[in-house]
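Read left to right, the sequence shown gives residues 558 to 863 (this note's numbering).
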Amino acid sequence: MSTKPRIIVILGPTATGKSDLAVTIAKKHNGEVISADSRQVYKHLDIGTGKITKKEMQRVPHHMLDVVSPTKIYSVFDWQKSAEKCITDILNRGKLPIICGGTGFYIQSIVDGIVLPEVPPNAKLREKLDGKTPVELVAILQTYDRHILETIDTKNPARLVRAIEIAEHLGSVPPLQKKSSQYNILQIGLTLSKEGLSEKIHTRLLRRLKAGMVREAEKLHERGLSWKRMLSLGLEYRYLALFLTGNISRSEFIQTLSKEIEQYAKRQITWFKRDTRIQWFKPTDITEIEICVSGFLDSRPISEYK
Numbered sequence: 558m559s560t561k562p563r564i565i566v567i568l569g570p571t572a573t574g575k576s577d578l579a580v581t582i583a584k585k586h587n588g589e590v591i592s593a594d595s596r597q598v599y600k601h602l603d604i605g606t607g608k609i610t611k612k613e614m615q616r617v618p619h620h621m622l623d624v625v626s627p628t629k630i631y632s633v634f635d636w637q638k639s640a641e642k643c644i645t646d647i648l649n650r651g652k653l654p655i656i657c658g659g660t661g662f663y664i665q666s667i668v669d670g671i672v673l674p675e676v677p678p679n680a681k682l683r684e685k686l687d688g689k690t691p692v693e694l695v696a697i698l699q700t701y702d703r704h705i706l707e708t709i710d711t712k713n714p715a716r717l718v719r720a721i722e723i724a725e726h727l728g729s730v731p732p733l734q735k736k737s738s739q740y741n742i743l744q745i746g747l748t749l750s751k752e753g754l755s756e757k758i759h760t761r762l763l764r765r766l767k768a769g770m771v772r773e774a775e776k777l778h779e780r781g782l783s784w785k786r787m788l789s790l791g792l793e794y795r796y797l798a799l800f801l802t803g804n805i806s807r808s809e810f811i812q813t814l815s816k817e818i819e820q821y822a823k824r825q826i827t828w829f830k831r832d833t834r835i836q837w838f839k840p841t842d843i844t845e846i847e848i849c850v851s852g853f854l855d856s857r858p859i860s861e862y863k
């Protein structure tokens, strides 16, 4: 029987209801939530990222939201280091850490105890890479290691630039190193049918537009966030920048962004499906999920509560 401290991970593609489930579990089991979302770490990126609101938190403490200015680069190394501090603090207060999000590498860094290289930003290299398309960045990264492309979002310029930066600093892309995880972890994945997920994504996009997503982007730019940086943040903010600079129409913005989010969800699913330790459920399987969580916290073998 493992004596390692227990933590729960709620993961899955975008728009599957992860945040709501995390709050439900936290309220029932004296937990606190740690966000594992690579864009929700940024301040003021609220509506576009679907960041949970204070009301939706239902007084459950949330961590790793609004950590840094969107003008800064925040790496998986930064997130892992801060997330581990959060986990330790939550455990020391006798509460249950619940990691919730859809950024696969963030989650894997904790689940598998990945050892990440501490590489400082390279201003000259970033200036040299500035303005290059994802396709061009992928071509550069391939000169170091083709296999790294299997573990990175090849449409995210910021991620690609960071990978090139690490490779340039170390002379090559380092192999993934893992250490034994210091936690006993239950991973719960939420999934929907292809049609159901597509409908959820489109409906949520329209709801965000109604809530003021375009105005949020305008305010970000007024506060000093460049269009170039907004483009590099990807997905919603990339297309908001294109729309607000007159490069695409409103209808093109909605249609193209909806398809891009669907493609992103597919990449998330592909990433998570590689991990056979994940217990998959539909968002409506609340009873089954609770049985799974209770069994895990009571130290019963998975075979008894699946």
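Quick reminder that beta carbons are idealized off the backbone N, C-alpha and C, glycines included. Here the structure is a predicted model, which is why all the values come from computation and not from measurement.
Item	Value
Residue 641 to residue 588 span [Cα, whole Å]	16 Å
Reference residue 602; option with closest CA among 675, 794, 737, 563	794
Reduced DSSP secondary structure (H/G/I, E/B, other) of residue 866	With the chain running from 558 to 863 in the structure shown, residue 866 is simply not present.
Nearest-angstrom Cα separation, counted from residue 650 out to residue 696	47 Å
Cβ pair residue 688, residue 570 closer than 8 Å	no
Selected residue, minimal CA-CA separation from residue 819, among 605, 796, 751, 805	751
Beta-carbon gap between residue 568 and residue 746 smaller than 8 Å	yes
Per-residue burial, residue 774 [other beta carbons within 10 Å of its own, 16 or more giving buried]	buried
Separation of residue 686 from residue 757, as counted between CA atoms	36 Å
Cβ pair residue 655, residue 565 closer than 8 Å	yes
Buried or exposed (CB count within 10 angstroms, at least 16 for buried), residue 573	buried
Complete runs of the alpha helix (DSSP H) confined to the region 634-713 [at least 4 residues]	661-668, 680-686, 691-699
Simplified DSSP assignment, three categories, for residue 782	coil
Any 3 or more C-beta pairs closer than 8 Å across the region 604-615 and the region 575-582	yes
Residue 718, buried or exposed, once every other Cβ within 10 Å from all chains shown has been counted against 16	buried
Simplified DSSP state of residue 860, which is helix, strand or coil	Note that residue 860 scores a pLDDT of 49, beneath 50, so its modelled location is shaky and nothing firm can be said.
Residue of 635, 590, 639 minimising C-alpha distance to residue 616	590
C-beta contact flag for residue 821 and residue 561 at 8 Å	no
Closest Cα partner of residue 808 within the set 709, 762, 832	762
Residues that residue 838 bridges to, as DSSP identifies them	747
Alpha-carbon to alpha-carbon, residue 711 and residue 691	7 Å
Enclosing alpha helix (DSSP H) for residue 850 [first to last residue]	843-854
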